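**Q** The structure's right below; bear with me while I get my questions together.
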Amino acid sequence: MRRRSRIREFLAAGVVLLSPTWSAGDSPDPAAVERGRVALTSTGYLKPGWSGAAYRRAGTLWGQNAPDAETSADDYAAAFNQRYGLHTAPYPNDGLPMGLRRAGQPGGEKTGMQIDCMVCHGGSIGGQSYVGLGNTTLDMRALLYDLTRADNRRLPPSLFHLNTARGTVNAGMISAVLLSVRNSDLSMRKIPLPLGANLPELDVPPWWHLARKTTMYYDGRTDARSVRSSLQFFLAEKSLEELKELEPTFRDILAYFKSLKPPKYPFAIDPVKAERGKTVFAKNCVKCHGTYGPDGHYPNRLVELAVIGTDPERAHGLSDRLVAHYNTTWLAEDYPADLEKIGYQAPPLDGIWATAPYLHNGSVPTLAALLKSADRPARFTRPPSTGFEHYDPAHVGWKFDVVTAPPSPPLPPFEAQFIYDTSRFGLSNAGHRFGDSLGDEARSDLIEYLKTL
Ligand code: HEC
Ligand code: HEC
0 MRRRSRIREF
10 LAAGVVLLSP
20 TWSAGDSPDP
30 AAVERGRVAL
40 TSTGYLKPGW
50 SGAAYRRAGT
60 LWGQNAPDAE
70 TSADDYAAAF
80 NQRYGLHTAP
90 YPNDGLPMGL
100 RRAGQPGGEK
110 TGMQIDCMVC
120 HGGSIGGQSY
130 VGLGNTTLDM
140 RALLYDLTRA
150 DNRRLPPSLF
160 HLNTARGTVN
170 AGMISAVLLS
180 VRNSDLSMRK
190 IPLPLGANLP
200 ELDVPPWWHL
210 ARKTTMYYDG
220 RTDARSVRSS
230 LQFFLAEKSL
240 EELKELEPTF
250 RDILAYFKSL
260 KPPKYPFAID
270 PVKAERGKTV
280 FAKNCVKCHG
290 TYGPDGHYPN
300 RLVELAVIGT
310 DPERAHGLSD
320 RLVAHYNTTW
330 LAEDYPADLE
340 KIGYQAPPLD
350 GIWATAPYLH
360 NGSVPTLAAL
370 LKSADRPARF
380 TRPPSTGFEH
390 YDPAHVGWKF
400 DVVTAPPSPP
410 LPPFEAQFIY
420 DTSRFGLSNA
430 GHRFGDSLGD
440 EARSDLIEYL
450 KTL
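Numbering that gives the first Met the number 0 puts the first residue of the sequence shown at 0, with every later residue one more than the last.
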């Protein structure tokens, strides 16, 4: 990769010269934020992927008495959300949860269904839904498979694992596959390019991080001003011309992301402990995660794999060939992805209480376990919902049961998705051992402080 460095330096210099004087700290234009909010929450951008009936018929596939979709529509909607891990929409959405929406052919009646960004980026906690909170209960595979089967269509061949557990999703491989069937000019290819990507399923980061980040995605290889990188999701159907038409709208949507704020911790915080914890944080954590409050400074640090020690597959799985191909397309023309960096970006910790499980792969269920690696479970259950009855304010994160051995006989797919197994590809819970050397008292103070962010 070194041989590319001169070219990269040259490109990077060009990017610096060409980029507008705008830094991540500037607050976005309120008019753009409002346009972005409306564009994101009230518009569908994809053609219908399923019939409207697929939504109503999915319940017949559950192998149990689902409420009737016609006569008990509300009960059915609640059961549907529970089944696939979707959340009530906090904006008008025809009775559908975040992530699903009615769709039609241009100008036609909206008789079909499509998915949107919020299927992964719409979550809830304690019964309150938030646009931009990662969806930590989603079973993407079951959702897509059941809607397709409910339409009496054959399932597409599965080229990679969409998810083996609830809440994680392989968004990277979706992009990699879509990019492999496009040429550099984004025209369609019949034969996929061999790009060699092998990415794991991931936890979904909250959009409110974007207010502070200057580079984005877990590996920090993309400039956070890139609007076009968000358009990768649309490579499933859009032409280059159509993508170009969407760019101004998604520029507003990115402004909306940068305006989002995390929810506040809803339970009591001990101010004396939290103040002591702030000192522990200053000594052990600030250099990577920055400072908080009105004068907060975020260092935007990329940490090498050898130092962070967390699962390497996400960082390695984005192959050089894939990045190089992406960089030859219009998507990367303004902000090419970095070809050199291999590691993980230390994320901002704003609203960290609300985004368990932790690390890029969601392999650690609580902050207490993150900060004491000996307490991390190797195999654990994911919560049935994001209600506060499943939340653990002492350890900060989701309550879990330890599963000592792989279930035998294997569980049916639906139940199996409730078990997170850190021995699987990309799901290791190793690394980030920066809390291990703290005493129990200091660690507990630190956790109290983290609740205030
Ligand atoms: C299938 C689930 C899924 C869908 C659908 C999805 N995303 Fe994401 N998104 C993710 C995951 C997972 C990541 C983290 C990816 C990584 O870093 O490798 C992510 C990362 C991002 C980031 C970077 C956040 C950060 O802090 O670094 C942005 C911006 C983003 N998505 C925007 C969008 C937009 C806009 C849409 C809709 C057009 C969308 N996403 C649709 C799963 C999804
Ligand atoms: C050397 C830099 C470094 C230090 C020091 C460090 N961290 Fe981190 N931290 C990271 C990186 C990088 C990640 C992301 C790793 C990943 O996802 O694989 C991370 C992830 C986290 C996460 C999970 C974030 C999420 O959204 O899932 C938390 C919480 C966290 N760190 C807290 C702390 C605390 C508290 C301390 C001090 C005891 C600390 N870190 C010290 C670099 C650091």
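Ideal Cβ positions, reconstructed from N, Cα and C, are used throughout, including at glycine.
Keep in mind it's a predicted model, so treat the numbers as computed, not measured.
By DSSP's criteria, Gln113 is part of a beta bridge. Which residues make up the other side?
**A** Here residue 113 corresponds to residue number 114 of the sequence shown, with the count starting at 1. Answer is Arg100, bridged to Gln113.
**Q** If we count Cβ pairs, one from each stretch, closer than 8 Å, do we get three or more for the stretch 239-254 versus the stretch 419-429?
**A** no
**Q** Just tell me which of Asp333, Leu158, Thr163 and Gly166 has its CA closest to the CA of Lys243.
**A** In the sequence shown, residue 243 corresponds to position 244, counting from 1. The option with the nearest alpha carbon to Lys243 is Asp333.
**Q** Please indicate yes or no: does the CB of Ile351 lie closer than 6 Å to some heavy atom of ligand 2?
**A** Numbered from its first residue, the sequence shown carries residue 351 at position 352. Correct: Ile351 has its Cβ closer than 6 Å to ligand 2.
**Q** Figure out for me which residue from Asp115, Ser318 and Leu99 has the closest Cα to the Cα of Leu192.
**A** Counting from one through the sequence shown, the residue named residue 192 turns up at place 193. Of the candidates Asp115, Ser318 and Leu99, the one whose C-alpha sits nearest the C-alpha of Leu192 is Ser318.
**Q** DSSP state of Leu201, grouped into three classes?
**A** The sequence position of residue 201 within the sequence shown is 202, counting from 1. When DSSP states are grouped into helix, strand and coil, Leu201 belongs to the strand group.
**Q** Tell me, which residues are paired with Phe280 by DSSP?
**A** Start at 1 with the first residue of the sequence shown, and residue 280 comes out as number 281. Partner(s): none; Phe280 has no beta bridge.
**Q** Under 6 Å Cβ to Cβ from Ala331, same chain only, skipping five residues before and after it: list those, please.
**A** On the sequence shown, residue 331 is found 332 positions in, with the first residue counted as 1. Within the same chain, Ala331 has close Cβ partners Tyr325.
**Q** Are the Cβ atoms of Pro347 and Gly396 separated by less than 7 Å?
**A** Translated into positions along the sequence shown, residue 347 becomes position 348. Translated into positions along the sequence shown, residue 396 becomes position 397. Contact: no.
**Q** Any chance the CB of Pro27 is under 6 Å from a heavy atom of ligand 2?
**A** For this step, residue 27 is matched to residue 28 along the sequence shown. No - ligand 2 has no heavy atom lying nearer than 6 Å to the Cβ of Pro27.
**Q** Output the distance between the C-alpha atoms of Gly308 and Leu426, rounded to the nearest integer angstrom.
**A** Within the sequence shown, numbered from 1, the residue matching residue 308 stands at position 309. Within the sequence shown, numbered from 1, the residue matching residue 426 stands at position 427. Cα to Cα, Gly308 sits roughly 13 Å from Leu426.
**Q** Just to confirm, are Asp444 and Arg275 a CB contact at a threshold of 7 Å?
**A** Numbered from 1 along the sequence shown, position 445 holds the residue referred to as residue 444. Numbered from 1 along the sequence shown, position 276 holds the residue referred to as residue 275. In this structure, Arg275 lies closer than 7 Å to Asp444 by Cβ.
**Q** So if DSSP puts Val363 in a beta bridge, which residue, or which two residues, is it bridged to?
**A** Along the sequence shown, read from residue 1 onward, the residue named residue 363 stands at position 364. Bridge partners of Val363: Tyr357.
**Q** Roughly how many angstroms separate the alpha carbons of Phe433 and Ala367, rounded to a whole number?
**A** Here residue 433 refers to the residue found at position 434 of the sequence shown. Here residue 367 refers to the residue found at position 368 of the sequence shown. In this structure, the alpha-carbon of Phe433 lies about 12 Å from that of Ala367.
**Q** Are the CB atoms of Lys450 and Tyr291 within a distance shorter than 7 Å?
**A** Reading the sequence shown from its first residue, position 292 is the one you call residue 291. Reading the sequence shown from its first residue, position 451 is the one you call residue 450. Result no, Cβ atoms of Tyr291 and Lys450 do not sit closer than 7 Å.
**Q** For His394, which residues in the same chain have their Cβ closer than 6 Å to its Cβ, ignoring the five residues on either side in sequence?
**A** Sequence index remark: in the sequence shown, residue 394 carries index 395 (1-based). Answer for His394: Thr365 and Ala367, listed in chain order.
**Q** Rank Glu69, Ala78 and Asn134 by C-alpha distance to the C-alpha of Trp206 and give the top, closest one.
**A** As a first step, residue 206 is located in the sequence shown; it is residue number 207 there, counting from the start. That would be Asn134, whose Cα lies nearest to the Cα of Trp206.
**Q** Have a look at the DSSP bridge pairing and note the partners of Gln127.
**A** Residue 127 sits at position 128 when you count from the first residue of the sequence shown. The bridge partners DSSP lists for Gln127 are Ile124.
**Q** Given Ala336, which residues of its chain have a CB within under 7 Å of its CB, disregarding the five upstream and five downstream residues?
**A** Indexing the sequence shown from 1 puts residue 336 at position 337. Same-chain partners within the cutoff: Arg220, Thr221, Val322, Tyr325 and Asn326.
**Q** Return the chain-ordered list of same chain residues with a C-beta closer than 6 Å to the C-beta of Leu301, the five sequence neighbours on each side being excluded.
**A** The residue labelled residue 301 in the question sits at position 302 within the sequence shown. These residues qualify, in order along the chain: Gly219, Lys340, Gly342 and Gln344.
**Q** For Lys189 and Arg82, what's the separation of their Cα atoms in angstroms?
**A** Sequence index remark: in the sequence shown, residue 189 carries index 190 (1-based). Sequence index remark: in the sequence shown, residue 82 carries index 83 (1-based). Going from the Cα of Lys189 to the Cα of Arg82 covers about 36 Å.
**Q** Kindly list the residues whose CB is nearer than 6 Å to the CB of Asp74, restricted to its own chain and excluding five residues on each side of it in sequence; keep chain order.
**A** Against the sequence shown, residue 74 aligns to sequence position 75. Counting only residues of its own chain and dropping the five nearest sequence neighbours on each side, Asp74 has a CB closer than 6 Å to the CB of Pro66.
**Q** Going by DSSP, what residues sit across from Ala303 in a beta bridge?
**A** Taking the first residue of the sequence shown as 1, we reach residue 303 at position 304. Residue identity differs from the one stated: residue 303 is Glu in this sequence, not Ala. Paired residues: Gly342.
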